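Take 476 as the starting number for the sequence shown in my numbering and just add one per residue.
A virtual CB, placed ideally from N, CA and C, is assigned to each residue, including glycine.
Remember, predicted model here, so these are calculated numbers, not experimental data.
Input: a single structure, listed below in structure tokens.
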Amino acid sequence: MENTNMGELVDERSGAAAIPVDQDVAPGHELSDRLVMLSRTGSTQAESISMLHSQLLSRHVHDYRRGIAFCSASDGTGCSYMAANIACAMAMSGIRTLLLDANLRDPEIDGYFTPREDRGGLLDCLGTDQRDPGSVVHREVIPNLSIIYSGGSSRESGLLSSTRFADIVGACMRDYELTIIDTPPANKSSDALRIANVLRYALIVARKDRSYVKDIRKLVDDLRVNRAEVLGTYLNDF
Numbered sequence: 476m477e478n479t480n481m482g483e484l485v486d487e488r489s490g491a492a493a494i495p496v497d498q499d500v501a502p503g504h505e506l507s508d509r510l511v512m513l514s515r516t517g518s519t520q521a522e523s524i525s526m527l528h529s530q531l532l533s534r535h536v537h538d539y540r541r542g543i544a545f546c547s548a549s550d551g552t553g554c555s556y557m558a559a560n561i562a563c564a565m566a567m568s569g570i571r572t573l574l575l576d577a578n579l580r581d582p583e584i585d586g587y588f589t590p591r592e593d594r595g596g597l598l599d600c601l602g603t604d605q606r607d608p609g610s611v612v613h614r615e616v617i618p619n620l621s622i623i624y625s626g627g628s629s630r631e632s633g634l635l636s637s638t639r640f641a642d643i644v645g646a647c648m649r650d651y652e653l654t655i656i657d658t659p660p661a662n663k664s665s666d667a668l669r670i671a672n673v674l675r676y677a678l679i680v681a682r683k684d685r686s687y688v689k690d691i692r693k694l695v696d697d698l699r700v701n702r703a704e705v706l707g708t709y710l711n712d713f
């Protein structure tokens, strides 16, 4: 499944049912209409994401692999969009899923699931206070989906290469069937490589008419050097 548009690898599109949003969203959260797996279930975008979801479910989750880093070679590919929507799709199929925003430079997940209550996030667990990760988890934002937000933005080096971060991710993978981590673009920092090294598995998100093949190939090579298996490259054209 290397360097392929995973959406083209399946013959049948999954028929995941939509969550009745008004009833099942946890109090204190607002959901963006960019969550097409919830808001536009019959759209071309949702069907494409459903195909990717089917691939990841059958070839990754059902093999008891518990983590995926969503990576991109550059910004503007829709990496956070894909991470958020795949997290929804996994939750809708009954997989206990954690979505973690580790894009500490430019976090975006709170734009998809907007919390009314600020209870901190990953930065609070990595900083000097080293809060208990359990205290920053937003549980069951929709059924089967919990979220750890970034907790702010930071360009401090070393936070994601720390033993503390690896321990947090390890705990997440023990507690949830699948941990999805959104990462910053690889051309802006090495954070994505560090995160993928901890999770061991990465999915690359590219964008039609924006991503360059040479940049994607370099990212694939860099991920492998950092001992991460590349599940594939998803071509996002929405």
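Query, Result
"Going by alpha carbons, who is nearest to Y676 out of M565, P660, P502, L531?", "L531"
"So N672 is in the alpha helix (DSSP H); what residue range does that whole segment cover?", "666-674"
"Roughly how many angstroms separate the alpha carbons of T595 and A559, rounded to a whole number?", "Here residue 595 is Gly; the residue named in the question, Thr, does not match the sequence. Taking the straight line joining both Cα atoms gives about 19 angstroms."
"Give the straight-line distance between the Cα atoms of N701 and L506, rounded to the nearest whole angstrom.", "35 angstroms"
"Hey, out of R639, A661, T516, whose CA is closest to I691's CA?", "A661"
"Please identify the residue among A703, K683, K689 whose C-alpha is closest to the C-alpha of Y709.", "K683"
"Nearest-angstrom Cα distance between R541 and I670?", "14 angstroms"
"From S555 to D657, what distance separates their C-alpha atoms?", "6 angstroms"
"Would DSSP call E592 helix, strand or coil?", "coil"
"With a CB to CB cut of under 8 angstroms and the five nearest residues on each side skipped, what residues in its chain are close to L706?", "M476, M481, L531, R534, H535, I543, Y676, A677, L678"
"In chain order, what residues of the same chain lie with their CB nearer than 6 angstroms to the CB of E421, ignoring the 5 residues before and after it?", "The chain is shown only over 476 to 713; residue 421 falls outside these bounds and no answer can be derived."
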